[in-house]
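Asker: Just passing along the structure, written as structure tokens.
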Amino acid sequence: FRDRGAMPSWFWPVAGVVLLLVASANFSTNDNVVLAAQAYIAAFHTGAVMYHRRLGDHPAAGLAPGVFILLAFIVTAIRTNVLIACLGTLVCTAIAAVLCKILVTPPDNIEDRDRANSHSHLLT
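Residues 23 to 146 in this note's numbering are what the sequence shown spells out, letter by letter.
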């Protein structure tokens, strides 16, 4: 993933297995199971946005996971209501923020730190 050691080595395999389980949970007939899956999706992908920002990646790197946050919000709103979807997304964002602080190690070397403090431009 070329994350320069930003995440613990166990994270990516565990995240992959859990995402596989969550993907299958989306097809459950039980609303609570689907809502729990959407909560995980929202928290995981909000964490992805924060991960890219903390590493100093280009702001556009957060757009792809942002789409999944929006989809989780929409599915939750359809299954419950907009207020519950807003509150759920807010709680998932708070959880993602805490986990991001714990799990993501910012760049150590000067080159990565400089890249983290400046935004790359496509045409420069």
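Positions of the beta carbon are idealized from the N, C-alpha and C atoms, including for glycine. Owing to the predicted nature of the structure, the values given are computational and were not obtained by experimental measurement.
Does the region 115-129 come into contact with the region 73-87, if we say contact requires no fewer than three beta-carbon pairs (one atom in each stretch) closer than 8 Å?
Answerer: Contact between the region 115-129 and the region 73-87 is present, because at least three Cβ pairs lie under 8 Å.
Asker: Roughly how many angstroms lie between the CA atoms of V40 and F66, to the nearest whole one?
Answerer: 10 Å
Asker: Within a Cβ cutoff of 6 Å, which residues of the same chain sit near I117, ignoring the five residues on either side of it in sequence?
Answerer: A65
Asker: Can A107 and T98 be called in contact, C-beta distance under 7 Å?
Answerer: In contact: A107 and T98 (Cβ atoms closer than 7 Å).
Asker: Does the Cβ of A86 have 16 or more other Cβ atoms within 10 Å, making it buried, or fewer, making it exposed?
Answerer: When all chains shown are included, A86 counts as exposed.
Asker: Would you mind working out which of L43, L77, A45 sits nearest M29, comparing C-alpha positions?
Answerer: Selected option, being the one with the closest Cα: L77.
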